[in-house]
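For reference, the structure is listed below as structure tokens.
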Amino acid sequence: MRELERITARRSELDTLAAELAKQLQEVQAEREELVIAERVLNRLAELGYEEGSGPSSPNCRWRVIER
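Using the numbering used here, the first residue of the sequence shown is number 1, and each one after it goes up by one.
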């Protein structure tokens, strides 16, 4: 009977671990999707002539800061 209790306890531990890992996997997949989107945005900005920390290269484009 003691063996059955150990098996049941271990199965419960593994079920808990599986649930935690499933949640962690969902979080990782969501973050990966966010990174894919961020990468696409950066690639698109590079195509439009933006560089990190600077505005557009076109002199016809003006930026206006709106303070609140």
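Where a beta carbon is used, it is the ideal one built from N, C-alpha and C, also for glycine.
Quick caveat, the model's predicted, so the values are computed rather than measured.
For residue i, the three-state DSSP class (helix, strand or coil)
i	result
residue 42	helix
residue 67	coil
residue 21	helix
residue 48	coil
Close Cβ partners of residue i (< 7 Å) along its chain, the five nearest in sequence each way excluded
i	result
residue 29	none
residue 12	none
residue 67	none
Cβ neighbours of residue i in the same chain (closer than 8 Å, five flanking residues each side left out)
i	result
residue 45	none
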